[in-house]
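Data first, discussion second: the structure below is written as structure tokens.
Residue numbers (the numbering used here): -19 to 419.
Right, here's the structure in full:
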């Protein structure tokens, strides 16, 4: 189950990508998730409650008290340690939030004034008994997968997607190939995580393996989010306070276990030591993109829990809101575009090579890409590119792209703590295809 809903009295509800953990609320030293929610007021909240009830009443739902680890704690009579707020050792993390919650003017500014009346909104959710193709039940395809596929396949001008993980199934590749054939000029843009920002290097490895398909066959414009975007203070106003606060015991333990130091990561990078940007230091807050959103033709929007990967399509139950409204779509697309800006994301593009060699490299890279267990071709087809200061941001297919951007390698800002990510992304990207549906 991957659903995320918060419903009050069948009247007000929230859904999106956010889980319950300090890192989802800008409260963690180290990785914080940059997420997105949407709040609705009205009858659709009742539909969300009905979906919640179907999961609550499902025959495989288990009472908390029946879980093995909970039973063990109950037998040890440790229940009393969770009876008070102080028991949770909040270490003052949410003190400002507890103060703000009683400020009516702030509640109005954050939750009431931004509300928009929209033309149409629908809640979509998988059934609790979802069984995807991985479980040999193709006749029971995911409701949410079918709806999102319908939205994307009917696009005419543009599709903007934000997803933490970009791994396409064969069906998804076919969908986008058909869409590209039907509308050759359609604008397909993807905002996703870089290796330095992601919380799942093995999923990134599969995305890395597919990049030539994304750029060559589908003509995606891909933007990979930086762990330390320039607009950090805009995204996280409390960044400086968070950076300077003492570590909690749990954070201190985690950081001591995985020391984070800057390291060279790319032999083929055009960076020099003088031009490296600092990677996250010990306990320094940084971002991992976790928002899941879709905007089609600046009219149809989706915000929910669905990732663009095989797990959401085949295994996880998912949910979200489909909204038809041009004003809302423009606002949502604006948020996605902000994350795609040069100061916040690297552009993924073909590596610059002499005329003729580019084609040869593409052929051999594709042949190596098809090998079942190893990837023997040593020259990467694509890389991350960063805007040169003083230059104008342009798309990767523009004739002046390589004059305005510099190649920063495949894995910029990867630290020693995440060196395993780089090794995994390079060494296991082909092998992981075998277990692709699980990831």
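Idealized CB from N, CA, C, for every residue including glycine.
_Delimiting residues of the beta strand (DSSP E) encompassing residue 385_ = 385 to 387
*Does DSSP put residue 100 in a helix, a strand or coil?*
strand
_Mapping the DSSP letters down to three states, classify residue 284 as helix, strand or coil._
strand
*When the distance is taken between beta carbons, is residue 30 closer than 7 Å to residue 218?*
no
*May I have a chain-ordered list of the beta strand (DSSP E) segments no shorter than 3 residues that lie completely inside the stretch 158 to 195?*
167 to 173
_residue 27 to residue 88 span [Cα, whole Å]_ = 25 Å
*Starting from residue -6, follow its DSSP beta bridges and name the residues at the other end.*
-14, 19
*Using the Cα positions of residue 74 and residue -8, report the straight-line distance between them to the nearest angstrom.*
23 Å
*Applying the criterion that 16 or more other CB atoms from any shown protein chain within 10 Å of the CB defines a buried residue, is residue 358 buried or exposed?*
Reliability of the predicted coordinates at residue 358 is poor, the pLDDT of 41 falling under 50, and no value is obtained from them.
*Identify the continuous beta strand (DSSP E) that holds residue 303 and give its terminal residues.*
299 to 304
_With 16 other Cβ atoms within 10 Å as the buried cut-off, status of residue 81_ = exposed
_Does residue 270 pass the burial test, meaning 16 or more other C-beta atoms within 10 Å, or should it be called exposed?_
buried
*Would you mind working out which of 382, 97, 201, 105 sits nearest residue -19, comparing C-alpha positions?*
105
*To which residues does DSSP link residue 374 through a beta bridge?*
Partner(s): none; residue 374 has no beta bridge.
*To which residues of the same chain is residue 142 closer than 6 Å at the C-beta, ignoring the five residues directly before and after it?*
171, 271, 273, 316
_Please report the straight-line C-alpha distance between residue 287 and residue 13, rounded to a whole angstrom._
14 Å
*In the DSSP assignment, find the alpha helix (DSSP H) that holds residue 294 and state where it starts and stops.*
290 to 294
*Nearest-angstrom Cα distance between residue 209 and residue 225?*
20 Å
*Helix, strand or coil for residue 220 per DSSP?*
helix
_alpha helix (DSSP H) segment containing residue 363, residue limits_ = Segment 362 to 367 is the beta strand (DSSP E) holding residue 363; no alpha helix (DSSP H) there.
*For the beta strand (DSSP E) holding residue 76, just list the boundary residues, first then last.*
It is not in any beta strand (DSSP E) - residue 76 instead sits in the alpha helix (DSSP H) that spans 75 to 80.
_Whole angstroms are fine: how far does the CA of residue 166 sit from the CA of residue 15?_
27 Å
*Just the C-alpha distance for residue 214 and residue 220, rounded to the nearest angstrom, thanks.*
12 Å
_Do residue 312 and residue 275 count as a contact pair if the criterion is CB distance below 7 Å?_
yes
*Which residues mark the beginning and the end of the beta strand (DSSP E) in which residue 11 is found?*
11 to 14
*How do the stretch 285 to 301 and the stretch 314 to 328 stand: do at least 3 beta-carbon pairs fall below 8 Å, yes or no?*
no
_Would the stretch 132 to 146 count as touching the stretch 169 to 183 if we require 3 or more Cβ pairs under 8 Å?_
yes
*Between residue 366 and residue 158, what straight-line distance do the alpha-carbon atoms span, to the nearest angstrom?*
31 Å
*Same chain, Cβ closer than 7 Å to residue 127, neighbours up to 5 away in sequence not counted*: 104, 302
*Throw me the rounded Cβ distance for the residue 140 and residue 169 pair, which I believe falls under 8 Å.*
5 Å
*Mind reading off the beta-carbon distance from residue 265 to residue 72? Whole number of angstroms is fine, and I expect it under 8 Å.*
About 16 Å; that fails the 8 Å criterion.
*Opening and closing residue of the alpha helix (DSSP H) in which residue 206 lies*: No alpha helix (DSSP H) holds residue 206; DSSP gives it neither H nor E.
*asked:* With distance defined between alpha-carbon atoms, name the residue in 51, 25, 388, 150 nearest to residue -11.
replied: 25
*Excluding the five sequence neighbours on either side, which residues of its own chain have a C-beta within less than 7 Å of the C-beta of residue 374, listed in chain order?*
380, 381, 384
*residue 328 beta carbon less than 7 Å from that of residue 204*: yes
*asked:* If I measure Cβ to Cβ from residue 116 and keep anything under 8 Å in the same chain, skipping five residues before and after, which residues do I get?
replied: A caution first: residue 116 carries a pLDDT of 43, below 50, which makes its placement in the model unreliable, though a value can still be read off. Hits under 8 Å: none found.
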